[in-house]
Amino acid sequence: MQHTNRDRAGYDEVMRADPPIAYGELKQSRSLLVLGHKFFGGQVEQWLGDDSSPDFAMRAQVLTNVITRALQIVVIDLRADENSQEIFETLNARGTPLTAADLIKNFVFQRLAAERVDTEKAYVEDWPFESSFWEKEIGVGRYFISRSSLFLNQWLMSRVGEETSPRQTFARFKYFVEHEAGMTMAQLLPVLKRQALLYERWTNRAADPHADLSVVELSVYRQQASEIELMKPILVWLHEPEENYGDAVIERVVRAVESWVFRRALLRLPTADLGRVVADLIKTHRATPQAELAGRVEAYLSRLNVASTYWPGDAEIERALATEPAYRRFKRGRLRVFLEAAEDHLRGYSDSSGLSGGRIARAGYPVEHIMPQKWETYWLVDDLAAEVNRREHVHRLGNLTLLTKSLNSSISNGPWLGEGGKRAKLREHDVFLLNRKIEDVSADGWDEDLIDRRTSDLIGALLATWPVPEGHVGEVKDAPAESLASVSLKQLIAAGHLAPGTTLRSRPGNWGDHEAVVLENGALSLAGQVFSSPSAAGHHLRKGATNGWYFWLLPDGRRLTDLREAYRNGG
């Protein structure tokens, strides 16, 4: 039994080195096993202390006893007819779980060995996931998983057109290889590597603030900055080597899907059901001729007509963002993406034919209020009504901008006009077209009317950045998204639509059968734990994002969302 190819050289070198070991001079000094050897060696020296100490000999004896008598090693002997992969999976299920990438790696090389492939050569030439890039932990919802496991989940979704939870990635991958792939592992692994390297290139390019990004790379940046991973399976699907889609087709599909995702983000609509749509979109359009693909994808998204998945139209976004306190409602990264998109639009990039030198650098520029958050000292108003109006405007989109440098608090909250005023300092730190109109119209001051006008201009820039097909209005058949989002179990109880003590059942699935009891305060009691919403309780069971209104069933078989719909309609 030997270490993996990646660790073998480091292990051999550090174990053959003469003490005291000069770790920094080893060829494999950054190997994890060398670093581990260095760590434990340092711990031993620290614990033993000075060899002139009276208890040095006693400590050395204790350490020797622990290592030679108390350290236990598990040895598993397999017969020739036993499957090592099954043993590996059983140990993983009963012990500390390995990542999906770990399980898939073991499965891949076992298949290669069965195909009589040189596994060491395949490891060196075709296994792409042995680097810090792929080992990085990526946040997905409330959880963190290795980037390699995330990619393999997204790659699998791009191949089979099914939404697969991270916990099911290995099982679904194994089934795909054994029953659906239609190729040997030796044929499949180079394809997987090619797409993984392309994915890595997109990610690294997206992280370069000054790179001239393609439509796909820019979409990757926007997703990562906004903490969205939804579109990645579509990007992987469009770049399958055997599909050979043209750049124009890929760009049009990416723009349509990005518009669908980010228009929903502008309205802060839920994303729980979007993964299912992405999977179905891939499965539905796999056999679509290239010349028809983009149009059919746009039509598919346009037909979505329920609150949980629809593609919002211009009028709804204009209405919602006109008064939205954007600074408080959006995470900073997502808000920065919106302002960057508006700046790029002003530079002529909404149709990718920039007119002004290049896109804005994606350098994490600070988001600044034009009218300050603490306006009371220098920005006086006449009465209470004016004060209320000002407080409502200060966090709106039209009062926000990007600067190359944060202003200190004395300037940020200072007066608008004058040599040391905020207008002058904005000009000093301003290289953006976003701010040019501010200078043009604000010579006499900056007020609520100007905020409203600029809000309207920025909304127009965002709608142009993420357009919809001509004539699309984003109709919702089940209920307006905003009214659905505002309904809670507490409201249903107060209105007499739902009685405390009602037992809800989980919808069928591989998570088993579970019951939750409705409490008087609108919370749910599930297996001794209390959850504040149906989605939180569903998330606990499924270990992933869950729309609880569709997940929980009433005693008569209806879904919770049916009760919510009846409440909304006054039924």
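All you need for our numbering is the position in the sequence shown, starting with 1, plus 4.
In this text, a Cβ means the ideal position worked out from N, Cα and C, and glycines have one as well.
Model, not experiment: these values are computed from the prediction.
With the rule of 3 Cβ pairs closer than 8 Å, the stretch 322-335 counts as touching the stretch 382-402. In this structure, the straight-line span from the alpha carbon of glycine 40 to that of leucine 467 is close to 53 Å. Put simply, the backbone Cα of aspartate 55 is about 8 Å away from that of alanine 61.
In this structure arginine 307 is exposed. Its beta-carbon is surrounded by fewer than 16 other beta-carbon atoms within 10 angstroms. Counting along the chain, isoleucine 142 sits inside the beta strand (DSSP E) bounded by residues 141-144.
Three or more Cβ pairs drawn from the stretch 303-318 and the stretch 265-281 lie within less than 8 Å of each other, which places the two stretches in contact. Within the same chain, Cβ atoms closer than 6 Å to the Cβ of alanine 465 are found at Ala346 and His349, the five residues on either side in sequence being excluded. Here valine 257 is near alanine 298, since their CB atoms are less than 7 Å apart.
DSSP places glutamine 76 outside any alpha helix (DSSP H), giving it a letter other than H or E.
Each of Arg546, His544 and Trp553 was checked against the Cα of leucine 493, and the nearest Cα belongs to Trp553. The C-beta distance from arginine 568 to leucine 523 rounds to 18 Å, too long to meet the 8 Å contact threshold.
In the structure shown, the three-state DSSP call for arginine 509 is strand. Three or more Cβ pairs closer than 8 Å define a contact, and the stretch 242-255 falls short of that threshold against the stretch 517-532.
Residue pairing by DSSP places arginine 563 opposite Leu557 in a beta bridge. When DSSP states are grouped into helix, strand and coil, glutamate 519 belongs to the strand group.
When C-alpha distances from alanine 276 are compared across Gly532, Lys441 and Thr550, the shortest belongs to Thr550. Distance check between leucine 160 and each of Arg509, Ala64, Lys287 and Val220 places Lys287 closest, using alpha-carbon atoms only. At a cut-off of 3 residues, the continuous stretches assigned as beta strand (DSSP E) that sit fully inside the stretch 137-206 are 141-144 and 147-150. Under the three-state reduction of DSSP, threonine 405 is assigned to strand.
Tryptophan 556 has its alpha-carbon roughly 6 Å from the corresponding atom of arginine 511. Taking a cut-off of 8 Å for Cβ pairs, the stretch 143-153 and the stretch 183-193 do not touch, as fewer than three such pairs fall below it.
If you look at glutamine 377, you'll find it isn't in any beta strand (DSSP E); DSSP assigns it neither H nor E. Pairing glycine 143 with tyrosine 382, the inter-Cα distance amounts to about 42 Å. When the alpha-carbon of tryptophan 420 is set against those of Ser354, Lys42, Gly449 and Glu432, the nearest one is in Gly449. Look at the beta carbons and you see the stretch 451-466 not touching the stretch 524-538: under three pairs across the two are nearer than 8 Å. Burial is judged here by how many other beta carbons sit within 10 angstroms of a residue's own beta carbon; methionine 375 has at least 16 and is buried. Under the three-state reduction of DSSP, histidine 373 is assigned to strand.
Out of Arg395, Glu372, Ala389 and Tyr369, the CA that lies nearest to the CA of glutamate 380 is found in Arg395. DSSP places leucine 30 in no alpha helix (DSSP H); its state is neither H nor E. Beta-bridge pairing by DSSP links valine 534 to Ser529. For lysine 547, there is no enclosing alpha helix (DSSP H), since its DSSP letter is neither H nor E.
Between proline 132 and leucine 201, the C-beta gap is smaller than 7 Å, which places the two residues in contact. For the pair alanine 74 and phenylalanine 44, the Cα-to-Cα distance works out to about 17 Å.
Here histidine 183 is exposed. Its C-beta has fewer than 16 other C-beta atoms within 10 Å. Ranking Leu36, Ser33, Ala64 and Arg34 by CA distance to the CA of valine 48 puts Ala64 first.
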